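Enquirer: Protein sequence lines correspond, in order, to chains A and B. Just so we're aligned, residue 1 is where the first sequence starts under this note's numbering, counting upward by one. Just so we're aligned, residue 216 is where the second sequence starts under this note's numbering, counting upward by one. Cβ coordinates follow ideal geometry from the N, Cα and C atoms, glycine included. Quantities reported herein were computed from a predicted structural model and do not represent experimental measurements.
Protein chains: 2
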Amino acid sequence: MTRVRVDLNISLDGYSPAPGTSPDNPMGEDWGPLVQAYTATRTMQSRVFGDTTGRGTTGIDDRYAAAHFDGIGSQIIGAAMFGLHSFPDDPEWKGWWDDEPPFRTPVYVLTHTAPRPSLVMKGGTTFHFRNAPIEDVLAEAVTAAGGLNVCVGGGIGVARDFLRAGLVDVLHVAIAPILIGHGNRVWDDLRGLETTHSVMSEVAESGTIHVTFTR
Amino acid sequence: MTRVRVDLNISLDGYSPAPGTSPDNPMGEDWGPLVQAYTATRTMQSRVFGDTTGRGTTGIDDRYAAAHFDGIGSQIIGAAMFGLHSFPDDPEWKGWWDDEPPFRTPVYVLTHTAPRPSLVMKGGTTFHFRNAPIEDVLAEAVTAAGGLNVCVGGGIGVARDFLRAGLVDVLHVAIAPILIGHGNRVWDDLRGLETTHSVMSEVAESGTIHVTFTR
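(1) By the 10 Å Cβ neighbour count, where 16 or more other Cβ atoms means buried, how is A:Met89 classified, buried or exposed?
(2) Closest to A:Val109 by C-alpha separation, out of A:Asp99, A:Asp98, A:Ser16, A:Lys94, would be which residue?
(3) Do you know how far the Cα of B:His343 is from the Cα of B:His300?
(4) Name the DSSP beta bridge partners of A:Val199, please?
(5) Quick check on the DSSP output: the alpha helix (DSSP H) that includes A:Leu34 runs from which residue to which?
(6) If the criterion is Cβ atoms closer than 9 angstroms, does the pair B:Asp228 and A:Gly181 meet it?
(7) Work out the CA separation of B:Ser416 and A:Ala139 for me, nearest whole Å.
(8) Specify whether the stretch 75-85 of chain A and the stretch 57-66 of chain A touch according to this definition: at least 3 beta carbon pairs, one from each stretch, less than 8 angstroms apart.
(9) Tell me B:Thr272's beta-bridge partners as DSSP assigns them.
(10) Distance cutoff 9 angstroms, beta carbons only. Does B:Asp376 sit that close to anything in chain A?
(11) If contacts are defined as beta-carbon pairs under 8 angstroms, then A:Ile156 and A:Leu34 qualify, I think. What distance do you get, rounded to the angstrom?
(12) Which residues in the same chain have their Cβ closer than 7 angstroms to the Cβ of A:Ala80, if we skip the five residues on either side of it in sequence?
(13) Below 8 angstroms on C-beta distance, what does A:Val211 contact in chain B?
(14) Step through the CB atoms of chain A and report whether any lies within less than 9 angstroms of the CB of B:Leu408.
(15) If you draw a straight line from the alpha carbon of A:Asp99 to that of A:Leu119, how long is it in whole angstroms?
(16) What three-state label does DSSP hand B:Val221 in the structure shown?
(17) Using a Cβ-Cβ cutoff of less than 7 angstroms, which residues in the same chain neighbour B:Asp266 once the five nearest sequence positions on both sides are dropped?
(18) Considering just the uninterrupted stretch of the alpha helix (DSSP H) at B:Ile395, what are its terminal residues?
(19) Under a three-way DSSP split, which group does B:Thr320 fall into?
(20) Between A:Leu171, A:Ala145, A:Gly153, which lies nearest to A:Pro106 when the distance is taken from Cα to Cα?
(21) Can you list the beta strand (DSSP E) stretches of 3 or more residues lying completely in the stretch 319-383 of chain B, in chain order?
(22) On the premise that B:Arg406 lies in contact with A:Leu179, defined as a C-beta separation below 8 angstroms, what is that separation, rounded to the nearest angstrom?
(23) Measure the alpha-carbon distance for B:Asp351 versus A:Ser206 and round it to whole angstroms.
(24) Classify A:Pro177: buried if its beta carbon has 16 or more other beta carbons within 10 angstroms, exposed otherwise.
(25) When DSSP labels each residue in this structure, what does B:Leu408 get in the three-state scheme?
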């Protein structure tokens with residue numbers, strides 16, 4: 001059965017960092033400390049950073065990183081995550097990820113502008129651009145997933161849209177035990193999520209607190 | 216060495232419930248679910264609710280509940296927690312706790328009004344009323360503690376005053392895995408607390424996430 005998953009990296013005070021404006025540090029100064037333990041995992045080193053030597057941590061953080069990629073049949077991301085807001089006038093822009101993005105599935109990019117033609121990338125990723133209600137895009141993504149799961153990949157605004165609409169079956173938050181004091185507030189308008197989903201928490205060797213809401 | 220401790224019960228979205236206005240439910244509707252696992256502990260059943268039969272849970276939550284009471288030599292609370300705001304004109308008001316309050320130490324009550332005479336209660340509790348800067352009251356509480364610890368007991372506004380002033384050595388938060396969506400925001404203005412304190416987290420059998428900042 002297809003399930004809709006959201007995985008987020010957040011701070012103990014409930015923030016996802018707001019992206020910075022520096023080209024050298026597009027995710028902002030708080031992103032590094034927040035995802036440090038996650039990017040150190042063997043799964044992330046291999047899947048996202050292309051390491052082929054088996055480097056990376058293999059504990060609880062890695063188990064969650066692997067679960068993030070496991071059984072994903074299609075993905076949905078926002079226009080900003082793809083880079084449409086940063087490069088609105090470049091019809092040749094193909095995202096931040098080079099010729100072979102780490103998604104390796106169909107990826108539906110939500111946009112409020114006129115959709116572009118789909119982009120077939122190396123390694124199994126195809127970007128489709130959709131200007132449509134999230135429910136309609138999700139229906140298309142579910143079909144494309146062919147019985148596997150749909151990952152709503154971010155940014156945080158897109159993830160929150162799906163959460164508020166009650167469309168998410170599994171929400172996993174990796175909480176770094178740091179207080180960053182500002183950014184995008186993750187939890188607003190989600191009162192009572194524990195009444196529709198069950199909750200399971202565990203602490204990784206790194207100190208990261210993994211909380212998973214499942215229905 | 217005397218350490219200054221704060222113990223808080225908060226929600227996953229970082230709130231301490233705002234007290235309600237109903238006399239039947241003075242702590243508000245969210246307080247019950249938030250502290251359910253904590254009040255179920257053997258320590259709380261014994262220390263706060265007077266159970267003498269050994270009833271209550273004995274796992275990780277109980278270990279934290281016991282640590283809360285362990286080695287406390289004096290305590291500091293706000294006027295609202297004592298009830299001065301609810302009964303400002305009753306000079307006979309002696310707090311919410313009956314003749315034998317569960318504190319069993321000197322308790323310094325912060326007030327912005329004219330101090331009242333100290334109240335000697337049964338069981339070792341004496342209430343002292345102080346209209347003075349928190350640093351001065353803390354110095355007096357440290358002396359009264361006689362080498363034991365000082366507990367800053369709440370409400371949340373008083374705890375946050377001490378945290379923001381850098382006066383807290385141990386902050387323990389018991390995070391219930393629920394989203395309540397409103398109340399008093401616990402984490403504001405505490406960015407970087409993990410740089411002055413070390414952080415340790417663990418998950419209790421109840422699902423409560425215990426996070427402790429220590430310096």
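Expert: Concretely, from the data shown:
(1) As a working mapping, residue 89 of chain A is identified with position 89 in the first sequence. Reading the sequence as shown, one finds Asp at residue 89 of chain A and not Met. It is exposed - the Cβ of A:Asp89 has fewer than 16 other Cβ atoms within 10 Å.
(2) Position 109 of the first sequence holds residue 109 of chain A. For A:Val109, the nearest C-alpha among the options comes from A:Lys94.
(3) The count along the second sequence starts at 1 and reaches residue 300 of chain B at position 85. The count along the second sequence starts at 1 and reaches residue 343 of chain B at position 128. Roughly 16 angstroms between the two C-alpha positions.
(4) In the first sequence, counting from the first residue as 1, residue 199 of chain A sits at position 199. Residue pairing by DSSP puts A:Val199 in a beta bridge opposite A:Phe213.
(5) If you number the first sequence from 1, residue 34 of chain A lands on position 34. Counting along the chain, the alpha helix (DSSP H) containing A:Leu34 begins and ends at 31-39.
(6) For the purposes of this step, residue 228 of chain B is identified with residue 13 of the second sequence, where counting begins at 1. For the purposes of this step, residue 181 of chain A is identified with residue 181 of the first sequence, where counting begins at 1. Cβ atoms of B:Asp228 and A:Gly181: not closer than 9 angstroms.
(7) Mapped onto the first sequence, residue 139 of chain A falls at position 139. Mapped onto the second sequence, residue 416 of chain B falls at position 201. Taking the straight line from one Cα to the other gives about 39 angstroms.
(8) They do not touch, by the three-pair rule.
(9) The residue you call residue 272 of chain B lines up with position 57 of the second sequence. Per the DSSP secondary-structure output, B:Thr272 pairs in a beta bridge with B:Thr256.
(10) As a first step, residue 376 of chain B must be located in the second sequence, where it is residue number 161. Output row for B:Asp376: interface = no.
(11) Mapped onto the first sequence, residue 156 of chain A falls at position 156. Mapped onto the first sequence, residue 34 of chain A falls at position 34. Taking the Cβ atoms as the reference, A:Ile156 lies roughly 12 angstroms from A:Leu34, outside the contact range of under 8 angstroms.
(12) Translated into the one-based positions of the first sequence, residue 80 of chain A becomes position 80. In its chain, beyond the 5 residues on either side, Gly155 have a beta carbon closer than 7 angstroms to the beta carbon of A:Ala80.
(13) As a working note, residue 211 of chain A is residue 211 in the first sequence. Correct list: Leu227, Pro392, Ile424.
(14) By one-based count along the second sequence, residue 408 of chain B stands at place 193. Yes, because at least one Cβ of chain A sits closer than 9 angstroms to the Cβ of B:Leu408.
(15) To locate residue 99 of chain A, count along the first sequence from 1; it is residue 99. To locate residue 119 of chain A, count along the first sequence from 1; it is residue 119. The alpha-carbon atoms of A:Asp99 and A:Leu119 are separated by roughly 11 angstroms.
(16) Translated into the one-based positions of the second sequence, residue 221 of chain B becomes position 6. Three-state DSSP puts B:Val221 in a strand.
(17) As a first step, residue 266 of chain B must be located in the second sequence, where it is residue number 51. Result list for B:Asp266: Gln260, in chain order.
(18) Position 180 of the second sequence, counted from the first residue, corresponds to residue 395 of chain B. Neither: B:Ile395 is in no alpha helix (DSSP H) and is coded neither H nor E.
(19) In the second sequence, residue 320 of chain B corresponds to position 105, counting from 1. B:Thr320 carries a coil assignment under DSSP once its states are collapsed to helix, strand and coil.
(20) For the purposes of this step, residue 106 of chain A is taken as residue 106 along the first sequence, with counting starting at 1. It is A:Ala145.
(21) For the stretch 319-383 of chain B, the full-length beta strand (DSSP E) segments reaching 3 residues or more read 321-325, 341-345, 364-369 along the chain.
(22) Here residue 179 of chain A is taken as the residue at index 179 of the first sequence, counted from 1. Here residue 406 of chain B is taken as the residue at index 191 of the second sequence, counted from 1. Between B:Arg406 and A:Leu179 the Cβ distance is about 5 angstroms, and since that is below 8 angstroms, they are a contact.
(23) Residue numbering aside, residue 351 of chain B sits at position 136 when the second sequence is read from its first letter. Residue numbering aside, residue 206 of chain A sits at position 206 when the first sequence is read from its first letter. For B:Asp351 and A:Ser206, the distance between alpha carbons rounds to 39 angstroms.
(24) Start at 1 with the first residue of the first sequence, and residue 177 of chain A comes out as number 177. Residue environment analysis places A:Pro177 among the buried positions, since at least 16 neighbouring C-beta atoms fall within 10 angstroms of its C-beta.
(25) Working through the second sequence from its first residue, we reach residue 408 of chain B at position 193. B:Leu408 falls in the helix class under three-state DSSP.
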